[in-house]
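Below you'll find the structure, written out as structure tokens, and then a few comments.
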Amino acid sequence: MEFEFKLYRRKQIAELADWAPGMDLTGVSISGADAKNGSPLLGDKIARSSGNHDDRWLVAADYFAANFEEVVGTEIERKSEAPDCPKCGGLMHEGFDPVSSKPMWVCFADYSQIAMGE
Numbered sequence: 881m882e883f884e885f886k887l888y889r890r891k892q893i894a895e896l897a898d899w900a901p902g903m904d905l906t907g908v909s910i911s912g913a914d915a916k917n918g919s920p921l922l923g924d925k926i927a928r929s930s931g932n933h934d935d936r937w938l939v940a941a942d943y944f945a946a947n948f949e950e951v952v953g954t955e956i957e958r959k960s961e962a963p964d965c966p967k968c969g970g971l972m973h974e975g976f977d978p979v980s981s982k983p984m985w986v987c988f989a990d991y992s993q994i995a996m997g998e
């Protein structure tokens, strides 16, 4: 049986950091294809899940350039139903619980989470 691929649009803001030589990549997933192409390389990024900061993976520079752009300043619009973060009062965005996959609100500033609807 073959995979049936469908097109999906991303809904969330992604968290990525620049890779630099000497960076500890313990716990960072690097695909076989990226490793075969020589990654990690300058320009590659390290992505992490907003709901689980231990879930990290390499994003190759060419894929990053084709699919991402930096969010700057107040460019992020608050969804009308998004609550203020109960800890810091900051902006929250849609995320998910990495264990249950239930939707959550995640704080941009301190990554605290609350269940949607609370």
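Here the working numbering is used: position 22 in the sequence shown is 902, and no number is missing along the way.
Every residue gets a Cβ at the ideal spot worked out from N, C-alpha and C, and that includes glycine.
Separation of residue j from residue i, as counted between CA atoms
{"i": "GLU895", "j": "SER980", "result": "21 Å"}
{"i": "ALA913", "j": "PHE885", "result": "18 Å"}
{"i": "GLU882", "j": "SER911", "result": "20 Å"}
{"i": "GLU949", "j": "GLU974", "result": "19 Å"}
{"i": "MET972", "j": "ARG936", "result": "21 Å"}
{"i": "ALA940", "j": "ARG928", "result": "14 Å"}
{"i": "TRP985", "j": "HIS933", "result": "15 Å"}
{"i": "GLY918", "j": "LEU938", "result": "12 Å"}
{"i": "ALA946", "j": "SER909", "result": "20 Å"}
{"i": "GLY931", "j": "MET996", "result": "14 Å"}
{"i": "GLY907", "j": "ALA962", "result": "32 Å"}
DSSP-derived helix/strand/coil call for residue i
{"i": "ALA940", "result": "coil"}
{"i": "ALA945", "result": "helix"}
{"i": "ALA962", "result": "coil"}
{"i": "ALA913", "result": "helix"}
{"i": "CYS987", "result": "strand"}
Paired residues, beta bridge with residue i - DSSP
{"i": "ARG928", "result": "GLU895 and ARG936"}
{"i": "VAL908", "result": "ARG936"}
Closest by C-alpha distance to residue i, when choosing among the options
{"i": "ASP898", "options": "LEU887, GLY923 and ASP935", "result": "GLY923"}
{"i": "PRO901", "options": "ILE893, LEU921 and GLY907", "result": "LEU921"}
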